[in-house]
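4 protein chains.
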Amino acid sequence: MLQEVSYDHRNASNVAFIGLGQMGARMVKNLVSKGEKVKVFDVVPQAASSVQGVTICNSPEEAAKDACFVFTMLPNGHIVKDTLLGDKGIMKGISNNALFIDSSTIEPQQSQELGKIAKENGFRFLDAPVSGGVTGAEAGTLTFMVGGEDKDAEEVKPVLLKMGKNVFKCGGTGTGQIAKLCNNLILAITMIGTCESLNMGVKLGMDPKLLTSIINVSTGRSWSSDTYNPVPGVMPNVPSSNQYKGGFGVSLIAKDLALAENAALSAGAPLPLGAISHQLYRTLIANGYSDKDFAVVYEFLQGKK
Amino acid sequence: MLQEVSYDHRNASNVAFIGLGQMGARMVKNLVSKGEKVKVFDVVPQAASSVQGVTICNSPEEAAKDACFVFTMLPNGHIVKDTLLGDKGIMKGISNNALFIDSSTIEPQQSQELGKIAKENGFRFLDAPVSGGVTGAEAGTLTFMVGGEDKDAEEVKPVLLKMGKNVFKCGGTGTGQIAKLCNNLILAITMIGTCESLNMGVKLGMDPKLLTSIINVSTGRSWSSDTYNPVPGVMPNVPSSNQYKGGFGVSLIAKDLALAENAALSAGAPLPLGAISHQLYRTLIANGYSDKDFAVVYEFLQGKK
Amino acid sequence: MLQEVSYDHRNASNVAFIGLGQMGARMVKNLVSKGEKVKVFDVVPQAASSVQGVTICNSPEEAAKDACFVFTMLPNGHIVKDTLLGDKGIMKGISNNALFIDSSTIEPQQSQELGKIAKENGFRFLDAPVSGGVTGAEAGTLTFMVGGEDKDAEEVKPVLLKMGKNVFKCGGTGTGQIAKLCNNLILAITMIGTCESLNMGVKLGMDPKLLTSIINVSTGRSWSSDTYNPVPGVMPNVPSSNQYKGGFGVSLIAKDLALAENAALSAGAPLPLGAISHQLYRTLIANGYSDKDFAVVYEFLQGKK
Amino acid sequence: MLQEVSYDHRNASNVAFIGLGQMGARMVKNLVSKGEKVKVFDVVPQAASSVQGVTICNSPEEAAKDACFVFTMLPNGHIVKDTLLGDKGIMKGISNNALFIDSSTIEPQQSQELGKIAKENGFRFLDAPVSGGVTGAEAGTLTFMVGGEDKDAEEVKPVLLKMGKNVFKCGGTGTGQIAKLCNNLILAITMIGTCESLNMGVKLGMDPKLLTSIINVSTGRSWSSDTYNPVPGVMPNVPSSNQYKGGFGVSLIAKDLALAENAALSAGAPLPLGAISHQLYRTLIANGYSDKDFAVVYEFLQGKK
């Protein structure tokens, strides 16, 4: 983890934030509440107006003008690329030495391409995807995984720590994405494994709370069992206890698995469980579970009552 | 977890222990070092003679005679059944109100059958499989998962705590096995997922220690990443850092997965990742990895250099 | 394939047939229509009475008495064993040199055990499971896969050919079951693969008939594409064109896969696709597709409209 | 299938063929032996010079100049795109109304993009991937799956039939690729299933020839069992009987599965067996089997002796 550095009280007016979806809006709220003034843009005007205390702009370019830090938090790599490099892209609109921080989850190779182009145009670029989900964004406890130059990561770290509690510098450009995908790959697999196990135990007559308490002090324990248990009623305040609403949608974990498979393919790394897990989530999507939290695998395996 | 009960200082001479393999021998050592006198039997005479301070017997029956607690720690359910009920089985040789504690990992249904027959013959029976492996057996830190009557579990608990640190009462006969299989099912899956992820990350240029440290504070963390990391050199004192020697053999996790699949089948619980994980371990066995620690999946996915 | 032998016009009254389910009833109809007189038994009285021209008996023993050939066509190995060897089992009730022919699909090891016990009791035993399904049973075009003594197989062959068109002698006792399971393992996998492919093609805009016609002259062709196509409307007179009614039920193919996995496990043969296919069919069962034809995987992958 | 049309005896000098690898060289040989004069180009000069009776050119542009039909048979979509549209691409170098026929296996979406660009530049474009492999290319018995305009397909059909025996018009641009990927997806899965089954049967004591002969008249039959059997010695003249040399390389089927998964992903079609099959082939690649025929899965499952 990076060492703490003293914060330089820079003028907060030079932060731009593009993309105020479920994650971005919550991240901006934390920036604002901790003293940053932020210029924002979202293609959906209501999204931008949902956050208090920001300056709403009419284009990414307008938001980014004069900013030192330009954050993007967007659905996929094509949109990030278009926002930065498109006909009305930010890089064409501003000329100063801005630092771009892309917190979207995109292909590592796309991050590397963007970093290269940014550099050729006199800009600096970090990939800085997050883990922690909507809950972590709301609470300001996200983990940032950062790829790029060390000094750039140091410079933006105080701002990141207003939105999260951990900042990991992973290596060169793209490594933030790689770390994110590696983590979510395990998560996707472990959640299904946990669902299979708990479903089996319950169908064989075990109480899911008791079974969970055993697993959580044994070799089967993981974040999926001890923090985000998939069985309704075992833990409060997790999506499984709220009809699998909110949380980390099936379509989002499936998206990350597709990215992981492409990255693994480029490196010749086999992903047998990753691949079949991906297809299981795709099967859930085909059967109407797209917007449910990914722990809904439990309900799917449980079957009709 | 069971409440602590006062220990009744019973005569230590009435403990019998059948089966002194990798696990059993270490469990008996802890019993002896904590004041129990134990009569032992193993089909391999050298196995029994490897433990100091015990009385070596020539048959299970001889060991069990006069014992209050008769432990079995044997390779599979058929051997347990034969030991208890065969022509020279213990149940035919002794007449007192002994309590049988089977710590082998066997099919839940076999435990239930044994429990039923024991009861019909005036004996009491607990299934009490363990987690923690050879390391936990050596250190006396095993977890016991116990199925059967509560009062029987209470009675033997002080003895169990000389070999382990956790005792979970799971429910009726067989539920100890169910809990064990549920735990190991997750373990088997999560380990492969962790290997896939770390192999991918390393092949994409990440340092495995750094990647592990990120995962361990993120949603991908599990016992397989934070306690038993599969990448050589990331953690000391785990099999992966010792050429995958010792530890939990591929053939043993494969055995547990076969038991889990049978149990799941009987309950109509699908195990997609469990089943494919089982076959991946079987593929490793076919390719010569049978006796290696199960984290050797990492080496297998990594491929030839 | 066995050479044709001349048929000895034995007295048809000495054929017994135990088990008149979907398959058995149709097989008996063919025996009767081709001149055999058959004594039958089924635990469900209506089942026996559904077939014309037979002698209905009150017990397996009554049916088997005086029979030269005793056929069993039963749901699983336990029932076969009980029918032959149980308290009221046939082998206890008759004393002549009957030839038992078990056409049930059961574990190869169970067949071997039954064959051994039969021999010890002075009887002869063949395992003779079939392929061809209800359609083949109705049409008298089943394939018999026979394990046991060559001379026994020759003796019963003329009778088998009244119910089927192919008789394969596979080897010693149990090899009929092995061949059956090997065949159905491929079938189970290939059907899912064909469903995945055709679903993908259709979703990408291809006409399923055209796509099928291409596959059927290419390297992807199989019985699942050219004879039993899973897409509604591509072929007439197959279950997929009749709402997946009739045919080979999901629960039956799942049963065969469980048997195949046990057999493979005993031989150390990995079944990665077999295992995951098994679990996919189990997932269908959990979601209400148990009684549909196994080609319904297509509908499942297609998802909700 | 397209109706036969009368062949118009066009001047054979206007055929160009770019890419003379294992497939392309054999296809050109057939064109030449059946009267076409062909101008060829390959980035590896020796490749071009291996074929007798052709005009070897120094660039794709030189080969394509004046050609009516310009064939490309190249390793992937990026190379096809570069060949047609790159700085020295053919479309910049020639101005007539050439018909491009791309027989490479590439992403359907890439074909659609190429088709669109070709049209915008006044050219016509067909995707026409083949099945049949090196053997089919050598024998002139390939199957062409053609996407694009019907009249263009008719125009080139007589030339295609000099290299193959079947020409299927599949639909609009890209549908040739879709049909190809659908076929190879089934092939990849069925081959593994067949290997699992035959390995299991052999390990259980069956003769592989006998087992194959049973499967080939039963519901498990497929091209993988009856034409390209994976067990050494069962069939002559297939790679499995020649140490898995030649044939369809593991790396090539893996490539096709990656393309299929991307296409399926775009359409929301789950590919559970396709995905795990892909990863099994990737595991073989990681373990040194990259250049062996894909039926080598049999040897891999068989394990060390």
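Residue numbers (the UniProt record's numbering), protein chains in the order written: chain H, 1 to 305; chain A, 1 to 305; chain E, 1 to 305; chain C, 1 to 305.
Glycine is no exception: its CB is placed at the ideal position from the N, C-alpha and C atoms.
Computed from a predicted model, the values in this text were never measured in an experiment.
On a Cα-Cα basis, can you pick out the residue from the options that is closest to residue i?
| i | options | result |
| --- | --- | --- |
| C:I215 | E:K180, E:T83, E:D207, E:N58 | E:K180 |
| C:I276 | E:E299, E:G193, E:K292 | E:G193 |
| A:L273 | A:V167, A:N184, A:P239 | A:N184 |
| residue 309 of chain E | E:E261, E:P239, E:Q109, E:T212 | Residue coverage of chain E in this structure runs from 1 to 305, which leaves residue 309 of chain E outside it and unanswerable. |
| A:K65 | A:Q52, A:L84, A:I79 | A:L84 |
| C:T72 | C:S103, C:N58, C:C57 | C:S103 |
| H:V15 | H:S49, H:I56, H:Y244 | H:I56 |
| C:F132 | E:S218, E:V40, E:D87 | The question names Phe, but residue 132 of chain C in the sequence shown is Gly. If we check each option's Cα against that of C:G132, E:S218 comes out closest. |
How many angstroms separate the CA atom of residue i from the CA atom of residue j?
| i | j | result |
| --- | --- | --- |
| E:C170 | E:C182 | 12 Å |
| C:Q46 | C:T283 | 33 Å |
| residue 325 of chain C | C:G288 | Examination of residue 325 of chain C is not possible in this model, given that chain C is present from 1 through 305 alone. |
| H:E4 | A:K209 | Reliability of the predicted coordinates at H:E4 is poor, the pLDDT of 39 falling under 50, and the value obtained from them is presented with this limitation in mind. One C-alpha to the other measures close to 21 Å. |
| E:L74 | E:A286 | 24 Å |
| C:G220 | H:G249 | 39 Å |
| E:H78 | E:D150 | 26 Å |
| H:L265 | H:H278 | 14 Å |
| C:Y298 | C:N76 | 28 Å |
| C:M27 | C:K203 | 41 Å |
| E:S143 | E:W223 | According to the sequence shown, residue 143 of chain E is Thr rather than Ser. Taking the straight line from one Cα to the other gives about 15 Å. |
| H:D82 | H:P108 | 16 Å |
| H:E155 | H:L161 | 11 Å |
| C:A263 | E:G89 | 58 Å |
| C:Q243 | C:C195 | 15 Å |
| E:A267 | A:E36 | 43 Å |
| E:V159 | C:A188 | 40 Å |
Is it the case that the Cβ atoms of residue i and residue j are separated by a distance below 8 Å?
| i | j | result |
| --- | --- | --- |
| H:M191 | H:A258 | no |
| C:M200 | E:A269 | yes |
| H:I186 | A:S241 | no |
| A:V130 | A:G164 | yes |
| H:L126 | H:I94 | no |
| E:M23 | E:A137 | yes |
| E:L99 | E:D152 | yes |
| E:A63 | E:I18 | yes |
| A:P239 | A:G247 | yes |
| C:K34 | C:V51 | no |
| A:E261 | A:L271 | yes |
| E:V140 | E:G172 | Val is not the amino acid found at residue 140 of chain E; the sequence shown has Gly there. Cβ distance not < 8 Å, so E:G140 and E:G172 don't count as in contact. |
Is any non-hydrogen atom of the ligand HEM found closer than 7 Å to the C-beta of residue i, if you look at the structure I gave you?
| i | result |
| --- | --- |
| A:F300 | No copy of the ligand HEM appears in this structure; indeed no ligand is present at all. |
Let's see if you can read the secondary structure: which residues bound the beta strand (DSSP E) around residue i?
| i | result |
| --- | --- |
| residue 363 of chain A | Because chain A is modelled from 1 through 305, residue 363 of chain A falls outside the range shown and cannot be assessed. |
| A:L273 | Segment 272-286 is the alpha helix (DSSP H) holding A:L273; no beta strand (DSSP E) there. |
| C:N30 | Element bounds for C:N30: not the beta strand (DSSP E) but the alpha helix (DSSP H), 22-33. |
Terminal residues of the continuous alpha helix (DSSP H) containing residue i?
| i | result |
| --- | --- |
| H:L198 | 175-203 |
| H:T135 | 133-139 |
| E:A153 | 150-160 |
| A:N262 | 250-267 |
| H:T72 | Careful: H:T72 lies outside any alpha helix (DSSP H), inside the beta strand (DSSP E) at 69-72. |
| A:A48 | 45-49 |
| E:F300 | 297-302 |
| H:A63 | 60-64 |
| C:G77 | 77-85 |
Between residue i and residue j, which are expected to be in contact by the criterion C-beta below 8 Å, what is the C-beta distance as a whole number of angstroms?
| i | j | result |
| --- | --- | --- |
| E:Q112 | E:G174 | 4 Å |
| H:I106 | H:V80 | 6 Å |
| H:V38 | H:V32 | 6 Å |
| A:M91 | A:A128 | Not a contact, Cβ separation roughly 18 Å. |
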